[in-house]
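Student:
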Amino acid sequence: NAGVTQTPKFQVLKTGQSMTLQCAQDMNHEYMSWYRQDPGMGLRLIHYSVGAGITDQGEVPNGYNVSRSTTEDFPLRLLSAAPSQTSVYFCASSYQGAYGYTFGSGTRLTVV
Amino acid sequence: KQEVTQIPAALSVPEGENLVLNCSFTDSAIYNLQWFRQDPGKGLTSLLLIQSSQREQTSGRLNASLDKSSGRSTLYIAASQPGDSATYLCAALSRNSGNTPLVFGKGTRLSVIA
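If you're matching them up, the sequences are chains V and E in order.
Residue numbers for the first sequence follow my numbering, so the first one is 1 and each next one is one higher.
Residue numbers for the second sequence follow my numbering, so the first one is 113 and each next one is one higher.
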C-alpha cells in the first residue's frame with residue numbers, strides 16, 4: 001500500500017517555466033489537497049478537491065492550477081514559475097476528512 | 113475562519129522529562145483534530161487523531177487531549193527521548209468551513225537533550 005506518492009522529490013526551475021507536480025493516492029480517498037510550507041508561515045492551503053471533477057481554491061491559489069479527472073490523481077500545475085513559489089509542496093488525502101489526512105513526502109521546489 | 117495557534121514555537125528539554133505541547137483553535141465546531149510530527153526535511157507523519165466526540169487518544173508514550181469548549185488540545189509526551197526531537201504540528205478540521213481541509217498551526221519545534 002503506497003499511500004500518497006509525490007513526484008518529483010526535488011526540482012529546480014527557471015523563472016517563467018511551467019511544470020506539474022504529481023500526486024497520486026491508492027487509498028480510494030475522495031478528498032485531496034495541496035499545501036505549501038514556508039519558514040515562519042506554516043502550511044498554507046493552495047487548492048483542494050472533494051472528488052473527481054470538483055476542485056476549489058484555498059488560501060494561496062494564485063499562480064497554480066489544478067484538475068481532478070480521476071479519484072487517484074491530483075496534479076498541481078505551476079503556470080509561470082516565480083521565485084516566490086520556491087517552497088516545499090505537500091499533497092494530502094483523506095476519506096472525507098473523517099479518519100484524518102495522510103500526507104505525501106513532499107516536493108522541494110526552487111525557482112531561480 | 114478557523115485559526116490554530118501553537119505555543120511555544122520552540123521548546124528544549126532534558127531527556128526523560130515529561131512535557132506538554134499546546135494547541136488552541138478559535139472555532140470549536142470541529143470534526144476532529146490531528147497531531148503530526150515532522151522531522152527536518154521530511155514529510156508529515158500522523159501521530160494521533162481525536163474525533164470531536166472524544167476527550168483523548170493515546171499511542172505509546174503520547175497522549176492527546178481535546179477540550180472543545182475552551183478551544184484547546186494538548187499533546188503529552190512521557191519520558192522524552194532524543195529521538196522525539198522534531199516539529200510537532202496540530203491541525204483542525206472545521207465544521208463551519210464547508211469542505212475546506214485541515215487548518216494548521218505553525219508548530220512547536222522540540223529538542224530533547226541527552
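From the three backbone atoms N, C-alpha and C, an ideal C-beta is built for every residue, glycine too.
Do you know how far the Cα of K154(E) is from the Cα of F90(V)?
Tutor: Approximately 10 Å, taken between the alpha carbons.
Student: Alpha carbons only, please: which of P126(E), V116(E) and I119(E) is nearest the one belonging to D196(E)?
Tutor: For D196(E), the nearest C-alpha among the options comes from P126(E).
Student: Taking Cβ to Cβ, would you say M19(V) is nearer than 8 Å to A81(V)?
Tutor: In contact: M19(V) and A81(V) (Cβ atoms closer than 8 Å).
Student: Have a look at the DSSP bridge pairing and note the partners of T71(V).
Tutor: Beta-bridge pairing links T71(V) to no other residue.
Student: Figure out for me which residue from A203(E), V215(E) and I189(E) has the closest Cα to the Cα of L131(E).
Tutor: Ranking A203(E), V215(E) and I189(E) by Cα distance to L131(E) puts I189(E) first.
Student: Under three-state DSSP, which class holds G42(V)?
Tutor: Note: G42(V) maps to strand in three-state DSSP.
Student: Less than 8 Å between CB atoms is the rule here; does Y31(V) satisfy it with respect to chain E?
Tutor: For Y31(V), the answer is yes, since a Cβ of chain E falls inside 8 Å of its Cβ.
Student: Give me the chain V residues within the contact set of F216(E), using Cβ-Cβ distance strictly less than 7 Å, ordered along the chain.
Tutor: Residues of chain V passing the Cβ test: G42 and L43.
Student: Let's see if you can read the secondary structure: which residues bound the beta strand (DSSP E) around Y143(E)?
Tutor: Where Y143(E) is concerned, the enclosing beta strand (DSSP E) stretches over I142 to Q150.
Student: Using only alpha-carbon positions, find the residue among R77(V), P61(V), S105(V) and F10(V) that is nearest to S67(V).
Tutor: Looking at the Cα atoms, R77(V) is the closest of the given residues.
Student: Using beta-carbon positions only, say whether F10(V) and S49(V) come within less than 8 Å of one another.
Tutor: Not closer than 8 Å, so no.
Student: With a threshold of 16 other CB atoms inside 10 Å of the CB of V116(E), please say whether the residue is buried or exposed.
Tutor: So V116(E) ends up on the buried side.
Student: Less than 8 Å separating the beta-carbons of P120(E) and Y31(V)?
Tutor: No; because the gap between Cβ atoms is not below 8 Å, this pair is not in contact.
Student: Please confirm if Y72(E) has its CB atom under 8 Å from at least one CB of chain V.
Tutor: Summary: the structure shown does not reach residue 72(E), with chain E confined to residues 113 through 226, and so no result is reported for it.
Student: Using a Cβ cut-off of 7 Å, pull out every chain E residue sitting near T15(V), in sequence order please.
Tutor: Those within 7 Å of T15(V) in chain E number zero; the least Cβ separation is about 25 Å.
Student: What did DSSP end up calling G100(V) once you bin it into helix, strand or coil?
Tutor: Coil, per DSSP.
Student: Under three-state DSSP, which class holds Q6(V)?
Tutor: Q6(V) falls in the strand class under three-state DSSP.
Student: Can you tell me which residues form a DSSP beta bridge with H47(V)?
Tutor: Paired residue(s): W34(V) and Q57(V).
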